[in-house]
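Below: the structure, in structure tokens.
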Amino acid sequence: MSVTRDTPLTSFPGVGEARAKKLEKLGLTAAGDLLTYYPRDYEDRRTLYSIQDAPLEGRVCVAAVIAERPRLAALRQGLDLVKARAVDDAGTLDLTFFNQNYVCQSLRPGEEYIFYGAVEKRGSLHAMVNPIFERAGGQSFTGCIMPVYPLTAGISNHLLASLVRRALPCAASLSETLPQHIRQEHRLASLEFSIKNIHFPEHEEALDLAKRRLTFEELFYLSVGLSFLRDRRDRAGGGLVIRPQDKEAFLSLLPFAPTQAQSRVMDEVAADLSSGRPMNRLVQGDVGSGKTAVAACAGWLCAASGFQTALMAPTEVLAEQHFRSLSQLLAPAGVRVGLLTGALTAAEKRKTHAALAAGEIDLIVGTHALISAGVKFSRLALIVADEQHRFGVAQRAALAAKSGEDVTPHVLVMSATPIPRTLALIIYGDLDVSVIDQLPPGRTPISTYVVREDKRQRMYNFVREQVGQGRQVYIICPAVGEDPEAGEASAATELKAVKSYTEKLQREVFPELTVGLLHGKMRPKEKEAAMSAFVRGETQVLVSTTVVEVGVDVPNASLIIIENADRFGLSQLHQLRGRVGRGKHPSHCVLITSTRSLEAMQRLRTLASTTDGFKISEEDLKARGPGDFFGNRQHGLPQMKLADLAGDMRLLSETQEAARSLLAGDPQLALPENQPVLERVRRLFADTPDIFN
Ligand code: ADP
Ligand code: MG
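The sequence shown lines up with residues 1 to 693 when you count with this note's numbering.
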């Protein structure tokens, strides 16, 4: 069979209807898809050992000759066993296979095979259980560096590797995508070589070359795309000049003295706003560092110059909270604060739209509703995006376009998710960064405990104790319907689980307390009611899904319990934990798990051992890769396959350099030889419309 990139996988041997479906789940339908389905790891199977010399650690390849016909024995119903014996010059290897009866036919006495598996020593005998094997000579998965692929249920690594092997010849038909001079300048291998060696490397050096080229390529297209975005913004014109004000006038509104870090960042923002260039600033500060005050200061400055500010929050719960606290804070200074969320009735929305257009609102707080078509501003000068990792590059571009005409609004992005430096460079490469590296005084660090089910009663007692002291408690359950893979049915099941758990807590565990419920599937009004009951202290225990994950600020809450903690990412757990420890009370975070996975336990312990957000996010990035880092691809970054962003710092700056120099010579990528690059960037940023205007 001659394979082209379009050959459907169903015409590959061993791929029937059912397997094809599973492969499709991995994004694999045709031979060409396999070429870019990169391994996540490799196993070095190059050394062939003799039986005596085989190390007793890890899995190894042993070459030996089958000495006698394999014997089949039925151990019991449903469990068959094949025994075989292999020998070489000096040793004997006992082979056992469970439920693989075909082995009887495929292992022939007198033939030499390569067996791959763990070798054990039993007395003077060597033994292997369930090794994989193939005939010596025409080997394809022993005696080589073997790729290890990301898998799904029903698809083995062995199957994938053999499919890839069959598909590899069509790599020859791929046309080179990187301009020749860039390949030369940066000493990059050809595409064909790289694709072949990323799957089945001839040796380590070849693998390194392949990785380098393919990673470079990914980062290169990304850099070119981001440069386009940046250029577009720079061309968009001058910024509105916001007059500086007496900062003391703002500080006197605050119920606390700002930390030094807050004060410094306020100054940086004020300087941007008055500079005449559009501000593009990211404010990074760990949970609880007090970013809201910085946003308030910026909004106050704009209002004082007669301009409007739009503050976007990722959830309605958070938008309501900002609305409440900013109204309270800024009303005495005459700043008119409004709220625009999906929770408003059509009539209320119309009224708010009209007020915005008439300039009767100075600071509007809202969710995505703010970028909906109906919203017109009269003099929008500043956009604040709170918890920006939920607002990706695409949304930022949409917002910036919102101001219309020829002014470019100032943009302030606030994020508590500490982003590793490399990743930040990529996502926010076009932003200036301010860091609030200090927590308000008087906070006591949050104590974190990882516990198993057997501690549940003690934990409930702890809840009573905290509430007895006047505090409040969050109990977090895995999100309702957040996992798109899980589908509606499982969302419904989880929702039911959260509801019945809440009822059970109220009825059986805490009859003397008030237990509330908050989840994403509630109507906006119900959410608002549930949240404000907790804010007012009427609800003592709030059972919630991750809708409270970011931003929610109830300083009286001192305990957060996270059920099934192993189902959350580390950064997400850190965010959730940040819901407590926001006031003067000593605070606690309990992570409940019944996981058996050592790795999962290790992750939870990492969280328990540190409150350093940066350290946590580095760990998270390592464990999950950049694609998942922000969940659901909400970061607006194209999915990348290879780039290990935690480690590819040097390569990243090299690609940025290459992108700059390419665009310097051909800013619109109009030259014929740059068409493949333009094409690839387009595809990479397919989800980010308008970047090419
Ligand atoms: P985040 O950075 O997580 O958005 P917030 O702005 O919500 O943090 O602030 C967290 C809590 O700390 C709020 O209750 C806020 O009123 C309080 N706070 C902020 N700055 C200070 C400060 N300088 N001194 C005392 N409390 C502060
Ligand atoms: Mg916040």
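We treat Cβ as the ideally placed atom computed from N, Cα and C, and that holds for glycine. Since the structure is predicted, the reported quantities are computational estimates derived from the model, not experimental observations.
Burial state of residue i (16 or more Cβ within 10 Å)
{"i": "D272", "result": "buried"}
{"i": "P314", "result": "buried"}
{"i": "A486", "result": "For A486, the predicted model reports a pLDDT of 44, less than 50, meaning its position is unreliable; a value from the coordinates is still stated below. So A486 ends up on the exposed side."}
{"i": "S194", "result": "buried"}
{"i": "K196", "result": "buried"}
{"i": "R390", "result": "Low local confidence applies: a pLDDT of 49 at R390 is under 50, so the model's placement there is unreliable, and no value is given."}
{"i": "Q668", "result": "exposed"}
{"i": "E111", "result": "exposed"}
{"i": "K527", "result": "buried"}
{"i": "Y149", "result": "buried"}
{"i": "T47", "result": "exposed"}
{"i": "Q675", "result": "exposed"}
{"i": "D286", "result": "buried"}
{"i": "G636", "result": "Confidence at G636 is low in this model, with a pLDDT of 43, below 50, so the placement of that residue is unreliable and no value is reported for it."}
{"i": "P109", "result": "exposed"}
{"i": "G581", "result": "buried"}
{"i": "G492", "result": "Per the sequence shown, the amino acid found at residue 492 is Ala instead of Gly. With fewer than 16 other Cβ atoms within 10 Å, it is exposed."}
Beta-carbon spacing of residue i, residue j below 8 Å
{"i": "H519", "j": "L495", "result": "yes"}
{"i": "P335", "j": "V365", "result": "Looking at the sequence provided, one finds Val at residue 335 rather than Pro. Contact: no."}
{"i": "E599", "j": "P179", "result": "no"}
{"i": "Q284", "j": "V435", "result": "yes"}
{"i": "A210", "j": "E192", "result": "no"}
{"i": "P131", "j": "L95", "result": "yes"}
{"i": "Y116", "j": "R59", "result": "yes"}
{"i": "L282", "j": "V433", "result": "yes"}
{"i": "H588", "j": "I616", "result": "no"}
{"i": "Q506", "j": "V515", "result": "yes"}
{"i": "A357", "j": "S378", "result": "yes"}
{"i": "L439", "j": "S289", "result": "yes"}
{"i": "E563", "j": "I446", "result": "no"}
{"i": "L35", "j": "I155", "result": "no"}
{"i": "L253", "j": "L330", "result": "yes"}
Distance, residue j Cα to residue i Cα
{"i": "E134", "j": "K121", "result": "22 Å"}
{"i": "A658", "j": "L671", "result": "16 Å"}
{"i": "Q184", "j": "R579", "result": "52 Å"}
{"i": "L513", "j": "A304", "result": "46 Å"}
{"i": "A369", "j": "A310", "result": "11 Å"}
{"i": "E679", "j": "Y221", "result": "10 Å"}
{"i": "Y49", "j": "E205", "result": "23 Å"}
{"i": "A63", "j": "D88", "result": "8 Å"}
{"i": "R660", "j": "E218", "result": "15 Å"}
{"i": "I114", "j": "T606", "result": "41 Å"}
{"i": "T444", "j": "V317", "result": "26 Å"}
{"i": "H353", "j": "T341", "result": "11 Å"}
{"i": "S162", "j": "R212", "result": "24 Å"}
{"i": "T10", "j": "T177", "result": "28 Å"}
{"i": "D246", "j": "N280", "result": "23 Å"}
{"i": "V550", "j": "S609", "result": "21 Å"}
{"i": "R603", "j": "V590", "result": "14 Å"}
{"i": "E68", "j": "N101", "result": "16 Å"}
{"i": "Y38", "j": "L160", "result": "11 Å"}
{"i": "R76", "j": "A84", "result": "19 Å"}
{"i": "L412", "j": "A295", "result": "8 Å"}
{"i": "F307", "j": "P478", "result": "41 Å"}
{"i": "T655", "j": "L663", "result": "12 Å"}
{"i": "S500", "j": "K291", "result": "36 Å"}
Any non-hydrogen atom of ligand 1 within 7 Å of residue i CB
{"i": "D553", "result": "yes"}
{"i": "K504", "result": "no"}
{"i": "S252", "result": "no"}
{"i": "P440", "result": "yes"}
{"i": "P586", "result": "no"}
{"i": "Q575", "result": "no"}
{"i": "G288", "result": "yes"}
{"i": "A608", "result": "no"}
{"i": "A271", "result": "no"}
{"i": "T259", "result": "yes"}
{"i": "R582", "result": "yes"}
Any non-hydrogen atom of ligand 4 within 7 Å of residue i CB
{"i": "T546", "result": "Here the bound small molecules are ligand 1 and ligand 2; ligand 4 is not part of this structure."}
Ligand 2 heavy atom lying under 7 Å from the CB of residue i
{"i": "K291", "result": "yes"}
{"i": "A416", "result": "yes"}
{"i": "R386", "result": "It should be noted that the sequence gives Asp, not Arg, for residue 386. Indeed, a heavy atom of ligand 2 lies less than 7 Å from the Cβ."}
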